[in-house]
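In the numbering used here, the protein residues as written are 39 to 396.
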Ligand SMILES: *Cc1c(COP(=O)(O)O)cnc(C)c1O
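Structure, rendered in structure tokens:
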């Protein structure tokens with residue numbers, strides 16, 4: 039069975055070298071005599087894994103010592119509740135509504151306080167990042183939330199809002215490790231691992247220490263950042279195998295030259311695809327050029343029938359999971375770190391051929 043080029047938005051492709059290493063170590067990891075899945079999370083063997091993962095993430099993302107790194111569960115979606123529970127001391131936060139994930143973060147926060155919508159791009163199916171005017175920001179907000187890369191709609195911020203003393207928080211589920219991010223500009227960053235870091239089941243939170251310790255009394259113990267920070271992400275059993283695979287992905291990224299090197303590759307991949315979309319008379323990108331994501335590339339033809347035919351024929355040719363999200367329609371190619379340049383080149387060659395024949 040040949041492996042396909044998998045353009046899934048998430049869970050998504052993992053580097054083949056990582057899967058191979060995991061396969062080699064499946065029955066026996068190091069000198070432990072057991073699989074990582076069978077290890078006590080309190081064992082020395084496992085401690086080396088979780089601590090190694092954290093150290094590598096800190097190195098690759100240049101995370102300052104004043105930030106905690108937490109390995110949690112519950113997906114990015116649990117963060118939508120954890121943020122207001124832990125951070126809403128004054129009871130209000132600002133949100134930029136750039137898609138469904140941003141909307142969900144705001145909706146969940148509204149259960150615990152006031153969720154102010156400072157701007158939205160809903161008027162044009164979230165095909166752009168709205169202009170932000172700091173005069174409309176609440177200087178008393180507990181946090182200001184953005185979705186850095188919008189997985190469904192294929193937009194990303196190229197400029198961050200200046201929120202002054204209000205902690206800026208970003209959902210980086212689909213762009214973590216894909217481009218340099220200045221952690222020190224943020225109060226908190228979070229990501230579900232299944233897009234660009236590893237398998238589903240692991241959620242990474244990077245939080246500035248001064249934001250810890252203010253959780254509401256009603257906060258469930260497992261939803262309290264302070265508890266996880268105080269216990270080195272080991273208050274309960276962490277997602278041990280997902281963290282192990284994440285560590286292998288981080289090692290792979292480090293060997294590739296780190297985030298700067300990966301960013302160059304990602305820009306190259308995105309350019310190949312967008313250049314073709316801009317020149318094609320059949321396929322069109324759906325996003326305003328200046329706000330185009332490097333990771334998720336939605337595109338359409340002018341006909342539903344043609345879209346369906348393309349997705350079907352692409353699948354048969356080994357380019358899978360190209361169907362767009364139901365709210366946008368058409369196609370979406372997610373080209374995360376693990377997608378090689380060659381995968382995008384071959385996809386574009388296939389699209390050209392399809393255009394010629396239809
Ligand atoms: C996938 C995704 C989510 C949801 O993540 P879960 O881990 O499934 O909860 C949230 N935000 C963004 C930007 C995503 O891409």
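Backbone N, C-alpha and C fix where the C-beta goes; we use that ideal spot for every residue, glycine too.
Taking a 10 Å sphere around the C-beta of residue 82, we find fewer than 16 other C-beta atoms and assign the residue as exposed.
A Cβ-Cβ distance of about 17 angstroms is found for the pair residue 307 and residue 358, leaving them out of contact under the 8 angstroms criterion. Those residues placing their Cβ nearer than 6 angstroms to any heavy atom of ligand 1 are, following chain order, 48, 113, 114, 115, 139, 185, 189, 209, 211, 212, 230, 233. Residues 130, 132, 154 of the same chain have their beta carbon placed closer than 7 angstroms to that of residue 176, with the five preceding and five following residues left out of the count. For residue 188 and residue 365, the gap between their C-alpha atoms comes out near 13 angstroms. Looking at the DSSP output, residue 361 shares a beta bridge with 369. Annotation for residue 266: 108, 110, 273 place their beta carbon closer than 7 angstroms to its own, counting only its chain and skipping 5 residues before and after.
The stretch 78–95 makes contact with the stretch 274–284, as at least three CB pairs between them are under 8 angstroms. Annotation for residue 351: 392 place their beta carbon closer than 7 angstroms to its own, counting only its chain and skipping 5 residues before and after.
In terms of Cβ geometry, residue 280 and residue 239 form a close pair [threshold 7 angstroms]. For the stretch 279–346, the full-length beta strand (DSSP E) segments reaching 3 residues or more read 334–338 along the chain. Note on geometry: alpha-carbon atoms of residue 336 and residue 353 lie some 17 angstroms from one another.
By the criterion of at least three beta-carbon pairs nearer than 8 angstroms, the stretch 328–335 is in contact with the stretch 293–310. Contact between the stretch 149–166 and the stretch 286–299 is absent: fewer than three C-beta pairs spanning the two stretches fall below 8 angstroms. When the five nearest sequence neighbours on each side are left out, the beta carbons in the same chain lying within less than 8 angstroms of the beta carbon of residue 314 are those of 321, 386, 389, 390, in order along the chain. The beta carbon of residue 199 is closer than 8 angstroms to those of 134, 170, 172, 175, 182, 184, 206 in its chain, skipping five residues each way along the sequence. Note that the C-beta distance between residue 234 and residue 300 is not below 7 angstroms. The C-alpha of residue 325 is placed about 19 angstroms away from the C-alpha of residue 141. Residue 220 counts as exposed, since fewer than 16 other C-beta atoms from the protein chains shown sit within 10 angstroms of its C-beta.
Residue 84 sits in a helix when the DSSP states are folded into three classes. Counting only the Cα atoms, residue 57 lies some 38 angstroms from residue 248. Annotation for residue 75: 278, 279 place their beta carbon closer than 8 angstroms to its own, counting only its chain and skipping 5 residues before and after.
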